[in-house]
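Novice:
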Amino acid sequence: MDRTTGMNSSITRRRRRELVVAGVLLAILIVLPLPIHDVYTRNLIIITLLFAGLSQGWNILGGYCGQISLGHSLYFGIGAYVSTMMFVGGHIPPPVGMVAGGIVAAAAALLVGWPVFRLSGHYYAIATVVVQEIGYLLALNWDFIGGASGIYVPFRGESWLNLQFRIDKLPYHYLVLGFAAVTWLVAWWLEGSRIGFSWRAVKDDVVAARSLGVRIFHSKMVATAVSGFFTGVGGAIFGLYVGYIDPDSILSGQLAILIALPAVLGGVGTLWGPFIGAAVLIPLRELSSSYLGSSGNGVDLMLYGALIMGVALLRPQGLVSLVNLVRGRAHGAA
Amino acid sequence: MALDTILQVVISGLLMGLIYALVAAGLSLIFGLMDVVNFAHGELMMVAMYAVFTLWQMTGLDPFILLPVVAALLFGLGVAIYRLLIARALSVRFNRGMVQIFVTFGLAIFIRGFMQFWYGGEFRSITTTWLANRTANVYGVYLPLPQVAAGVVCLAAFAGLLAISRTEFGRALEATREDREAVALIGIDRDRIFALGWGLGAATVGVAGVMLAGFYYVSPNVGANFALIAYVTVALGGFGSMFGALAAGLLIGEVEAITAQILEPSLKQVGMFAIYLAVLMFRPRGLFGKI
Amino acid sequence: MALLEVRNVSKSFGGVAANVEISFDVTEGEILGLLGPNGAGKTSLFNSISGEVTPDVGEILLSGRRISGLGPVACAGAGIARTFQVVRSFESMTVLENVMVGAFARHPAAADAMAKAFETIAFCGLAAKVDAPAHALSPAEKRRLEVARALATEPRVLLLDEMLTGLTPTEAQGGVQLVRDVQSRGVTIIMVEHVMEVVLPLVSRAVVLNLGRVLTIGTPAEIVKNPDVIRAYLGDRYAAD
Chain E
6 MDRTTGMNSS ITRRRRRELV VAGVLLAILI VLPLPIHDVY TRNLIIITLL
56 FAGLSQGWNI LGGYCGQISL GHSLYFGIGA YVSTMMFVGG HIPPPVGMVA
106 GGIVAAAAAL LVGWPVFRLS GHYYAIATVV VQEIGYLLAL NWDFIGGASG
156 IYVPFRGESW LNLQFRIDKL PYHYLVLGFA AVTWLVAWWL EGSRIGFSWR
206 AVKDDVVAAR SLGVRIFHSK MVATAVSGFF TGVGGAIFGL YVGYIDPDSI
256 LSGQLAILIA LPAVLGGVGT LWGPFIGAAV LIPLRELSSS YLGSSGNGVD
306 LMLYGALIMG VALLRPQGLV SLVNLVRGRA HGAA
Chain L
2 MALDTILQVV ISGLLMGLIY ALVAAGLSLI FGLMDVVNFA HGELMMVAMY
52 AVFTLWQMTG LDPFILLPVV AALLFGLGVA IYRLLIARAL SVRFNRGMVQ
102 IFVTFGLAIF IRGFMQFWYG GEFRSITTTW LANRTANVYG VYLPLPQVAA
152 GVVCLAAFAG LLAISRTEFG RALEATREDR EAVALIGIDR DRIFALGWGL
202 GAATVGVAGV MLAGFYYVSP NVGANFALIA YVTVALGGFG SMFGALAAGL
252 LIGEVEAITA QILEPSLKQV GMFAIYLAVL MFRPRGLFGK I
Chain P
316 MALLEVRNVS KSFGGVAANV EISFDVTEGE ILGLLGPNGA GKTSLFNSIS
366 GEVTPDVGEI LLSGRRISGL GPVACAGAGI ARTFQVVRSF ESMTVLENVM
416 VGAFARHPAA ADAMAKAFET IAFCGLAAKV DAPAHALSPA EKRRLEVARA
466 LATEPRVLLL DEMLTGLTPT EAQGGVQLVR DVQSRGVTII MVEHVMEVVL
516 PLVSRAVVLN LGRVLTIGTP AEIVKNPDVI RAYLGDRYAA D
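Protein chains in written order, with the numbering used here: chain E, 6 to 339; chain L, 2 to 292; chain P, 316 to 556.
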């Protein structure tokens with residue numbers, strides 16, 4: 006066998022298919038908002054895409070690498086605060102601020118991960134919640150970043166440099182679409198790379214993985230850094246789009262749930278899971294809040310809770326596995 | 002700082018710590034038994050608080066009298082949760098750790114949402130009880146009686162747990178905890194023990210909740226807050242150790258009280274979180290952990 | 316200089332001595348047998364060589380460099396690969412993906428790793444099952460998969476832990492041929508085995524362990540006639556012949 010066989014291997018063919026599907030989907034999403042002028046619907050699509058990207062970022066650590074973080078809003082908040090502070094205080098353009106926010110969030114993730122990765126499953130999950138709560142409490146009391154009152158993002162003129170658009174919010178759609186597309190691509194790339202194989206090997210059998218030279222701690226650190234980065238960038242984008250950030254909206258435990266949930270619903274450790282999950286969850290959430298009353302009356306929480314329990318008990322592989330069933334193909338290695 | 006202020010802080014920390022300890026004990030019991038972290042533990046406490054509040058509202062009876070009723074209610078709830086959800090989660094072959102985390106986590110969120118939906122988000126409190134607003138003055142230290150009563154009851158509950166551990170049921174619990182594979186060989190119905198264990202764990206945290214309702218507000222988010230403290234307490238004391246839960250609970254209570262005094266009250270939890278993380282770094286099993 | 320040197324290795328677990336003062340050399344390119352009755356300490360020794368455990372006393376050298384105590388990942392990097400007594404395949408992955416995990420050890424780029432994996436899979440006779448999920452393989456195929464996966468790391472020394480145990484005669488023959496093929500690639504092999512009839516014709520020398528110590532080292536012909544060896548195995552089916 007030689008390299009030509011490699012080019013036609015099942016893995017290569019599958020990955021090529023995935024790229025094609027992604028390309029088609031991207032084309033659809035580029036064109037989709039153009040005929041839609043209803044602000045509400047456009048906003049819904051933007052939020053859906055944002056959470057798809059965010060959850061894919063979470064998925065890299067929680068799904069592929071198997072480290073369930075229930076406090077990921079910490080990195081979201083860090084990215085939002087760094088980027089917003091740089092823009093508001095330092096007049097640094099948001100495109101730069103976003104990347105900076107992502108980098109700081111990634112650094113924080115590494116800092117947290119370093120001592121915490123030794124812990125197994127449950128202990129790790131608890132530690133992530135504790136760290137996020139600490140972040141929340143600190144932000145609440147830190148007046149430099151606005152404390153409990155938060156920060157308003159002043160409008161400094163419509164431009165791509167400022168990433169601020171008041172007249173027509175359409176550019177935000179493309180910004181978020183770009184974000185989601187990049188996170189998908191990174192996940193796709195990682196899945197087929199050495200690191201991706203390392204994660205899966207460790208999840209299946211740690212002892213065998215080590216005997217083959219897989220560096221476990223190193224692979225976890227890579228996962229958390231990448232995940233932290235994209236979560237931070239997502240937070241920065243959110244801050245810009247909404248125009249206001251405060252600890253309750255960007256560092257809360259509830260947000261942490263919302264970041265992880267699409268991946269859990271759609272299928273942890275799968276490429277499309279977070280996207281399918283977001284596409285189902287976000288509209289569902291909007292529907293439930295408009296039909297059953299404003300958010301804050303608990304119904305959305307009941308919905309999330311029921312979904313999480315349902316998926317965990319009935320279909321832990323997520324909605325993606327249903328799609329595969331429909332296609333008539335058995336759910337292969339995830 | 003004056004001596005009676007110090008004493009005040011220390012004693013109120015101890016009293017609160019006893020409640021934390023009891024909440025942690027229930028959590029530790031369940032985890033020690035079947036390796037499942039009950040992420041809905043705080044919400045069970047909240048259910049107990051709402052239950053005693055509702056019963057008090059309906060009957061006007063003092064929470065002390067309602068205590069056994071609510072404890073029994075929570076016991077039943079714990080058994081039901083095991084039978085309906087946990088038993089199923091344990092039998093999954095694929096990704097079991099993840100499933101366990103998400104099942105109880107999802108339950109927690111669901112219960113929180115339900116309480117918010119049913120009762121609304123306002124804070125409730127039980128106002129006219131036998132001990133409400135009564136304080137004892139001991140050598141210049143003001144001891145609010147509801148807190149003292151809570152502390153006493155929690156201690157009694159720990160004594161009760163100790164007594165139970167000496168019974169046949171308690172020994173079966175211990176055996177199942179030590180080797181859940183082998184107990185079937187000596188005639189112990191593992192499934193039944195798990196269910197009763199969940200019931201006991203839920204009842205334990207229910208007792209804490211009832212006593213807490215005597216002086217703490219009842220709201221849909223109170224569960225989340227106490228849950229986090231419970232995890233920290235159990236992780237600190239060591240999963241599977243009752244004594245560890247007690248020791249860690251008292252420690253956490255003290256740290257919280259002292260931190261509230263030194264820093265601002267809104268930052269009082271930072272102290273205990275910092276200690277938790279520090280202990281985890283050097284002793285991932287906790288101070289007295291068996292697992 | 317021998318390729319692998321085991322020098323005075325001792326290891327105890329909770330007061331029980333698993334290995335006591337074990338010393339022997341392994342010449343490059345040979346197939347060395349590691350024999351002995353149950354509980355003789357064979358797998359413990361493997362674990363010390365592959366880095367799973369650290370010897371209490373003594374050291375293990377590969378080409379003169381110490382590898383004992385470095386951990387499994389470093390030993391894999393140095394060129395030690397192994398299979399496990401109870402097969403540890405990556406059940407959620409296909410045969411190709413399993414072997415790729417091994418191939419990535421020396422080929423960080425996915426395309427190269429895939430090519431290497433294909434080549435190794437064909438070499439080990441699993442070409443027909445390249446896309447089969449690991450959990451769907453027969454026990455004999457799973458053993459082959461473990462060998463292929465270990466081989467993909469391009470080791471200098473391959474430790475085979477009871478690879479031929481529990482196979483049908485036909486499967487065992489295939490296994491023996493595989494071992495010979497691996498040797499022909501220049502890989503040095505240490506085999507733990509129970510199935511005497513199969514392993515003795517295969518190895519050039521054997522180290523016999525008993526109760527944690529080296530009983531004797533010699534050629535198959537010498538070992539078979541050794542009265543101590545026969546006594547050590549008394550109670551087992553095997554009789555000197």
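Backbone N, C-alpha and C fix where the C-beta goes; we use that ideal spot for every residue, glycine too.
Checking 7 Å against the spacing of the C-beta atoms, do P387(P) and E374(P) come in under that value?
Specialist: no
Novice: Compare the C-beta of I221(E) with all C-beta atoms of chain L and state if any pair is closer than 7 Å.
Specialist: no
Novice: Who are the neighbours of M316(P) on chain E, taking C-beta pairs under 9 Å?
Specialist: By Cβ distance, chain E contributes nothing, its closest Cβ being about 25 Å from M316(P), past 9 Å.
Novice: Using a Cβ-Cβ cut-off of 7 Å, state whether L217(E) counts as contacting chain P.
Specialist: With 7 Å as the cut-off, L217(E) counts as an interface residue toward chain P.
Novice: Reducing DSSP to helix, strand and coil, say where E345(P) ends up.
Specialist: In the structure shown, the three-state DSSP call for E345(P) is coil.
Novice: Spatial neighbours of L289(E) within its chain, please: CB distance less than 8 Å, with the 5 preceding and 5 following residues excluded, ordered by chain position.
Specialist: L308
Novice: Could one say the Cβ of N302(E) lies closer than 7 Å to chain L's Cβ atoms, at least one of them?
Specialist: yes
Novice: Answer with yes or no whether the minimum CB distance from G329(P) to chain E is below 7 Å.
Specialist: no
Novice: For the candidate residues G356(P), A428(P), T468(P) and V341(P), whose alpha-carbon lies nearest to that of S14(E)?
Specialist: Here the closest residue by C-alpha is A428(P).
Novice: Who are the near neighbours of E320(P) in its chain, counting only those whose CB is closer than 6 Å to its CB and skipping five residues on each side?
Specialist: D340 and L376
Novice: Verify the CB distance criterion: does M415(P) have a CB-CB separation below 7 Å to chain E?
Specialist: yes
Novice: On the criterion of 16 or more Cβ atoms from any shown chain inside 10 Å, does M59(L) qualify as buried, or is it exposed?
Specialist: exposed
Novice: Apart from the five residues on each side of it in sequence, which residues of its chain come closer than 7 Å, Cβ to Cβ, to Y51(L)?
Specialist: M116, Y120 and V219
Novice: Assign D556(P) to one of three DSSP states: helix, strand, or coil.
Specialist: Because the pLDDT at D556(P) is just 46, under 50, the model does not fix this residue reliably, and the value given afterwards should be weighed accordingly. DSSP places D556(P) in coil when its eight states are reduced to three.
Novice: Please report how far the alpha carbon of L264(L) lies from the alpha carbon of V233(L), in whole angstroms.
Specialist: Answer to the nearest angstrom: the Cα atoms are 20 Å apart.
Novice: Mind reading off the beta-carbon distance from E138(E) to L45(L)? Whole number of angstroms is fine, and I expect it under 8 Å.
Specialist: At roughly 20 Å, the Cβ-Cβ gap does not stay under 8 Å, so E138(E) and L45(L) are not in contact.
Novice: Return the chain-ordered ranges of every alpha helix (DSSP H) run that is complete within the region 166-214 of chain E and spans a minimum of 4 residues.
Specialist: 175-196 and 199-209
Novice: Which residues of chain L have a Cβ atom closer than 9 Å to the Cβ of G126(E), listed in chain order?
Specialist: The contacting residues are V38, G98, M99, Q101 and I102.
Novice: Tell me, please, which residues DSSP counts as bridged to Y249(E).
Specialist: Looking at the DSSP output, Y249(E) sits in a beta bridge with Y157(E).
Novice: Measure how close the beta-carbons of F184(E) and G244(E) come, nearest whole angstrom, since I'm counting them as under 8 Å.
Specialist: With 8 Å as the limit, F184(E) and G244(E) do not qualify as a contact, their Cβ atoms being about 13 Å apart.
Novice: For the beta strand (DSSP E) that D476(P) lies in, which residues bound it at each end?
Specialist: V472 to D476
Novice: Does T358(P) get closer than 7 Å to chain E when you measure Cβ to Cβ?
Specialist: So no, T358(P) is outside the interface.
Novice: Could you compute how far the alpha carbon of H450(P) sits from the alpha carbon of E406(P)?
Specialist: 5 Å
Novice: Taking only runs that begin and end inside the region 187-221 of chain L, name each unbroken alpha helix (DSSP H) of 4 or more residues, in chain order.
Specialist: 191-213
Novice: Leaving out five residues before and five after A339(E) in sequence, what residues of the same chain have Cβ atoms less than 6 Å from its Cβ?
Specialist: For A339(E), the predicted model reports a pLDDT of 40, less than 50, meaning its position is unreliable; a value from the coordinates is still stated below. Excluding residues within five positions, the ones whose Cβ falls inside 6 Å are G274 and T275.
Novice: Identify every residue that forms a DSSP beta bridge with F328(P).
Specialist: V331(P)
Novice: Do S365(P) and R397(P) have their C-beta atoms within less than 7 Å of each other?
Specialist: Taking the C-beta atoms as reference points, R397(P) is found nearer than 7 Å to S365(P).
Novice: Between which two residues does the beta strand (DSSP E) containing A521(P) stretch?
Specialist: R520 to N525
Novice: Grouping DSSP H, G and I as helix and E and B as strand, with all else coil, what is A335(E)?
Specialist: The predicted position of A335(E) is uncertain, since its pLDDT is 46 and thus under 50; no value can be drawn from it.
Novice: Near H178(E), which residues of its chain fall below 6 Å by C-beta distance, leaving aside the five closest residues on each side in sequence?
Specialist: P38 and I51
Novice: Using a Cβ cut-off of 7 Å (strictly closer), state whether L75(L) contacts chain E.
Specialist: Under the 7 Å criterion on CB atoms, L75(L) is classed as non-interfacial with respect to chain E.
Novice: Looking at the C-beta of Y232(L), does it have a partner C-beta in chain E at a distance below 7 Å?
Specialist: For Y232(L), the nearest CB of chain E lies under 7 Å from its own CB, placing it at the interface with that chain.
Novice: Step through the CB atoms of chain A and report whether any lies within less than 7 Å of the CB of L67(L).
Specialist: No chain A is present in this structure, whose protein chains are E, L and P.
Novice: Is M506(P) helix, strand or coil when you go by DSSP?
Specialist: strand
Novice: Would you say I504(P) and I346(P) are within 7 Å of each other, going by their C-beta atoms?
Specialist: yes
Novice: Give the straight-line distance between the Cα atoms of S216(E) and A391(P), rounded to the nearest whole angstrom.
Specialist: 6 Å
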